[in-house]
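Colleague: First the structure, then my questions, so here it is.
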Amino acid sequence: MQITSREENAMDIPVLTRFNKGLRLFFQSKRLRWLFLIFILSAVFVLVFRELGNFFPIFAGGFIAIIGGIFPTFFMITAFLSLVGLQRFVASEESYTRSFVFFIIWIVISAFVYLILWLTGMVFWILVGIAFLGWIGFQAYLSSRTALGYAESVQIKSRSRVVAFLLGTLHILSYVIVIGAFIILFIWYAATTALFDWVVVGAALIGALLALGFNFVNGFIMLRERKRVTVDNLALLGLFIAAYVAYFLYNILKPVSASIDLLSLVIDAGMSIFFLLYALSSVGLTLASRADLDTRWKISSELAATMTFFFASGYLVVQALFGTLSGGLIGERIPDVIKLFVFPFVALIIELLFIRRSRKAPEPAEVPEEIPDLTEDEPAVIDEPVEEEDVLRVPEEEDIEKPLEVTEEPEPLEDEFDDDE
Numbered sequence: 040m041q042i043t044s045r046e047e048n049a050m051d052i053p054v055l056t057r058f059n060k061g062l063r064l065f066f067q068s069k070r071l072r073w074l075f076l077i078f079i080l081s082a083v084f085v086l087v088f089r090e091l092g093n094f095f096p097i098f099a100g101g102f103i104a105i106i107g108g109i110f111p112t113f114f115m116i117t118a119f120l121s122l123v124g125l126q127r128f129v130a131s132e133e134s135y136t137r138s139f140v141f142f143i144i145w146i147v148i149s150a151f152v153y154l155i156l157w158l159t160g161m162v163f164w165i166l167v168g169i170a171f172l173g174w175i176g177f178q179a180y181l182s183s184r185t186a187l188g189y190a191e192s193v194q195i196k197s198r199s200r201v202v203a204f205l206l207g208t209l210h211i212l213s214y215v216i217v218i219g220a221f222i223i224l225f226i227w228y229a230a231t232t233a234l235f236d237w238v239v240v241g242a243a244l245i246g247a248l249l250a251l252g253f254n255f256v257n258g259f260i261m262l263r264e265r266k267r268v269t270v271d272n273l274a275l276l277g278l279f280i281a282a283y284v285a286y287f288l289y290n291i292l293k294p295v296s297a298s299i300d301l302l303s304l305v306i307d308a309g310m311s312i313f314f315l316l317y318a319l320s321s322v323g324l325t326l327a328s329r330a331d332l333d334t335r336w337k338i339s340s341e342l343a344a345t346m347t348f349f350f351a352s353g354y355l356v357v358q359a360l361f362g363t364l365s366g367g368l369i370g371e372r373i374p375d376v377i378k379l380f381v382f383p384f385v386a387l388i389i390e391l392l393f394i395r396r397s398r399k400a401p402e403p404a405e406v407p408e409e410i411p412d413l414t415e416d417e418p419a420v421i422d423e424p425v426e427e428e429d430v431l432r433v434p435e436e437e438d439i440e441k442p443l444e445v446t447e448e449p450e451p452l453e454d455e456f457d458d459d460e
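Encoded structure:
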């Protein structure tokens with residue numbers, strides 16, 4: 040049994056198809072595959088030493104600060120070289136051996152640049168202000184856009200009471216997820232933690248209140264948009280943000296383990312790799328859509344990849360330093376606290392921009408569900424008023440048969456004047 044191409048397209052899942060299409064762009068060349076391998080090795084290095092910080096905090100923290108920060112610097116330099124069109128000197132397109140030689144050269148240069156950044160105090164602004172916060176904002180933007188994109192793929196033709204009830208249920212479920220997650224995790228934290236830290240609980244409470252505030256504003260906007268197709272997107276966006284908030288609350292209120300937490304390590308590594316792959320896929324789709332446009336600024340795939348690797352690797356280094364140097368207290372939870380505050384705020388901005396864009400775009404005209412087939416015997420009749428044209432009326436046969444009455448014409452007046460003369 041052979042499957043035709045049309046049947047294969049029918050079996051494709053749109054979300055996975057778009058994901059693979061965008062991600063495939065970054066694995067088409069040896070240069071991009073080599074850069075991706077370097078990032079994976081740097082991420083594994085940082086995550087392993089972060090867990091070793093539970094036993095040797097000073098040693099692991101110093102090792103991450105000294106060695107781990109070289110990798111974000113390396114990707115920052117390679118991104119600059121790709122920007123000016125010198126990506127061929129970063130990695131080879133033909134040989135992995137030559138790419139390894141280039142890597143040794145640039146990693147040594149990155150170490151010197153990283154030392155200069157430490158001496159000048161610029162390392163804090165680059166790693167924390169740009170890479171760390173930039174990656175969190177990028178994650179929030181992608182998550183919000185993903186939720187809105189999933190809802191756009193589901194087309195609902197009519198707004199019945201069942202659909203309205205379903206959307207209202209999703210909105211209420213967002214409240215249930217946030218409130219339920221905070222209550223359950225707070226009880227778990229209070230029961231398993233010897234040193235009750237009110238700073239941790241207060242940060243989690245403020246983040247939960249911000250999420251509830253976002254749900255309230257989102258519900259108000261849903262009421263105003265209830266007669267438009269955008270209400271589906273808003274309901275799903277609220278559900279996504281509630282799920283992310285529950286995950287961040289788990290990371291904040293979970294008990295601190297004195298040993299290596301394999302579950303947290305696997306979850307953090309999985310989430311980091313997932314967001315990285317999704318970021319690369321989204322950037323790849325953007326690059327593919329702008330490839331044929333006649334624009335002055337064009338971003339190469341090497342520049343997009345190295346910029347993404349810079350943000351992600353810088354985030355991992357700063358996250359590991361927070362957790363290791365703080366001894367596993369509030370510092371380990373700082374990244375999730377920031378995410379808890381940033382995600383609802385960014386989601387609200389993306390939501391308002393989405394509504395503004397949808398109002399500018401014209402809504403598609405309604406198409407009748409069934410169009411009757413026209414036959415030769417039954418021509419189509421167009422129910423439109425036809426303007427009457429000024430035409431000469433042709434007399435019918437009955438009018439022709441009737442004799443026309445001949446009227447006597449008056450004699451000209453010239454004869455009368457002749458008689459008088």
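Residue numbers for the sequence shown follow my numbering, beginning at 40 and rising by one. A virtual CB, placed ideally from N, CA and C, is assigned to each residue, including glycine. Since the structure is predicted, the reported quantities are computational estimates derived from the model, not experimental observations.
Do the CB positions of residue 253 and residue 374 come within less than 8 Å of each other?
Modeller: Taking the first residue of the sequence shown as 1, we reach residue 253 at position 214. Taking the first residue of the sequence shown as 1, we reach residue 374 at position 335. Going by C-beta atoms, residue 253 is not nearer than 8 Å to residue 374.
Colleague: Please report the Cβ distance between residue 272 and residue 393, rounded to the nearest whole angstrom; I am assuming they are in contact, meaning their Cβ atoms lie under 8 Å.
Modeller: Residue numbering aside, residue 272 sits at position 233 when the sequence shown is read from its first letter. Residue numbering aside, residue 393 sits at position 354 when the sequence shown is read from its first letter. Confirmed, about 7 Å.
Colleague: Can you tell me which of 126, 279, 379 puts its alpha carbon nearest to the alpha carbon of residue 73?
Modeller: Residue numbering aside, residue 73 sits at position 34 when the sequence shown is read from its first letter. When only C-alpha atoms are compared, the closest one is 126.
Colleague: Taking buried to mean at least 16 other C-beta atoms within 10 Å of its own C-beta, is residue 121 buried or exposed?
Modeller: Here residue 121 corresponds to residue number 82 of the sequence shown, with the count starting at 1. Buried: at least 16 other Cβ atoms inside 10 Å.
Colleague: Are the beta-carbon atoms belonging to residue 3 and residue 169 less than 8 Å from one another?
Modeller: Since the first and last residues shown for the chain are 40 and 460, residue 3 lies out of range.
Colleague: Check the C-beta distance from residue 206 over to residue 274 and give it rounded, since I have them as a contact under 8 Å.
Modeller: Locating residue 206 in the sequence shown gives position 167, counting from the first residue. Locating residue 274 in the sequence shown gives position 235, counting from the first residue. Going by Cβ atoms, the distance from residue 206 to residue 274 rounds to 5 Å, so yes, they are a contact pair.
Colleague: Alpha carbon to alpha carbon, how far is residue 183 from residue 124?
Modeller: As a working note, residue 183 is residue 144 in the sequence shown. As a working note, residue 124 is residue 85 in the sequence shown. Going by C-alpha positions, residue 183 is about 33 Å away from residue 124.
Colleague: Residue 293 by DSSP, collapsed to three states: which one?
Modeller: The residue labelled residue 293 in the question sits at position 254 within the sequence shown. Coil at residue 293, not helix or strand.
Colleague: So, helix, strand or coil for residue 101, using DSSP?
Modeller: Working through the sequence shown from its first residue, we reach residue 101 at position 62. If DSSP states are grouped into helix, strand and coil, residue 101 belongs with the helices.
Colleague: Decide if residue 358 is buried, meaning its Cβ has at least 16 other Cβ atoms within 10 Å, or exposed.
Modeller: Here residue 358 refers to the residue found at position 319 of the sequence shown. When all chains shown are included, residue 358 counts as buried.
Colleague: Report the three-state DSSP secondary structure of residue 25 (helix, strand or coil).
Modeller: Here the chain has residues from 40 to 460 only, and residue 25 is not among them.
Colleague: Using 8 Å as the cut-off, can you tell me whether the region 309-322 makes contact with the region 105-112, which would need three or more C-beta pairs spanning the two stretches below that distance?
Modeller: no
Colleague: Beta carbon of residue 291, beta carbon of residue 372: below 8 Å?
Modeller: Taking the first residue of the sequence shown as 1, we reach residue 291 at position 252. Taking the first residue of the sequence shown as 1, we reach residue 372 at position 333. Annotated as proximal: residue 291 and residue 372, with beta-carbon spacing under 8 Å.
Colleague: Under a three-way DSSP split, which group does residue 216 fall into?
Modeller: Taking the sequence shown and counting its residues from 1, one reaches residue 216 at position 177. When DSSP states are grouped into helix, strand and coil, residue 216 belongs to the helix group.
Colleague: On the criterion of 16 or more Cβ atoms from any shown chain inside 10 Å, does residue 171 qualify as buried, or is it exposed?
Modeller: On the sequence shown, residue 171 is found 132 positions in, with the first residue counted as 1. Buried, by the Cβ-count rule.
Colleague: To the nearest angstrom, how far is the alpha carbon of residue 288 from that of residue 305?
Modeller: Stepping through the sequence shown from its first residue, residue 288 is reached at position 249. Stepping through the sequence shown from its first residue, residue 305 is reached at position 266. Those two C-alpha atoms are separated by around 17 Å.
Colleague: What do you reckon, are the CB atoms on residue 141 and residue 131 nearer than 8 Å?
Modeller: Here residue 141 refers to the residue found at position 102 when the sequence shown is read from its first residue. Here residue 131 refers to the residue found at position 92 when the sequence shown is read from its first residue. Yes, the Cβ-Cβ distance between residue 141 and residue 131 is below 8 Å.
Colleague: Relative to the alpha-carbon of residue 101, which residue among 88, 110, 112 has its alpha-carbon at the smallest distance?
Modeller: Residue 101 sits at position 62 when you count from the first residue of the sequence shown. Per the Cα distances, 88.
Colleague: Nearest to residue 221 by alpha carbon, out of 63, 397, 85, 242?
Modeller: Along the sequence shown, read from residue 1 onward, the residue named residue 221 stands at position 182. Taking only the C-alpha atoms, the option nearest residue 221 is 242.
Colleague: Answer yes or no: do residue 65 and residue 352 have a C-beta to C-beta separation smaller than 8 Å?
Modeller: Along the sequence shown, read from residue 1 onward, the residue named residue 65 stands at position 26. Along the sequence shown, read from residue 1 onward, the residue named residue 352 stands at position 313. It is not a contact, given that the beta carbons lie outside the stated cut-off.
Colleague: Below 8 Å on the Cβ atoms is my guess for residue 278 versus residue 224; work out the distance and round it to an integer in Å.
Modeller: Within the sequence shown, the letter at position 239 stands for residue 278. Within the sequence shown, the letter at position 185 stands for residue 224. With 8 Å as the limit, residue 278 and residue 224 do not qualify as a contact, their Cβ atoms being about 19 Å apart.
Colleague: Flag residue 166 as yes when its Cβ comes closer than 7 Å to any non-hydrogen atom of the ligand ZN, and as no otherwise.
Modeller: You won't find the ligand ZN in this model; it holds no ligand whatsoever.
Colleague: Counting along the chain, where does the alpha helix (DSSP H) carrying residue 241 start and finish?
Modeller: Stepping through the sequence shown from its first residue, residue 241 is reached at position 202. First-last of the alpha helix (DSSP H) with residue 241: 237-263.
Colleague: Between which two residues does the alpha helix (DSSP H) containing residue 147 stretch?
Modeller: Against the sequence shown, residue 147 aligns to sequence position 108. Start and end: 135-159.
Colleague: On the three-state DSSP scale, how would you describe residue 360?
Modeller: Locating residue 360 in the sequence shown gives position 321, where the first residue counts as 1. Residue state, collapsed to three classes: helix.
Colleague: Going by C-alpha to C-alpha distance, which of 397, 388, 216 sits closest to residue 264?
Modeller: As a working note, residue 264 is residue 225 in the sequence shown. Checking every option, the nearest Cα to that of residue 264 belongs to 397.
Colleague: Whose C-beta lies closer than 6 Å to the C-beta of residue 209 among residues of the same chain, with five residues either side of it excluded?
Modeller: Translated into positions along the sequence shown, residue 209 becomes position 170. 274, 278.
Colleague: Report yes if the C-beta distance between residue 216 and residue 390 is below 8 Å; otherwise report no.
Modeller: By 1-based counting over the sequence shown, the position of residue 216 is 177. By 1-based counting over the sequence shown, the position of residue 390 is 351. Result no, Cβ atoms of residue 216 and residue 390 do not sit closer than 8 Å.
Colleague: Can you find the residues in the same chain that come closer than 6 Å, C-beta to C-beta, to residue 173, ignoring five residues on each side of it along the sequence?
Modeller: For this step, residue 173 is matched to residue 134 along the sequence shown. Contacts found: 350.
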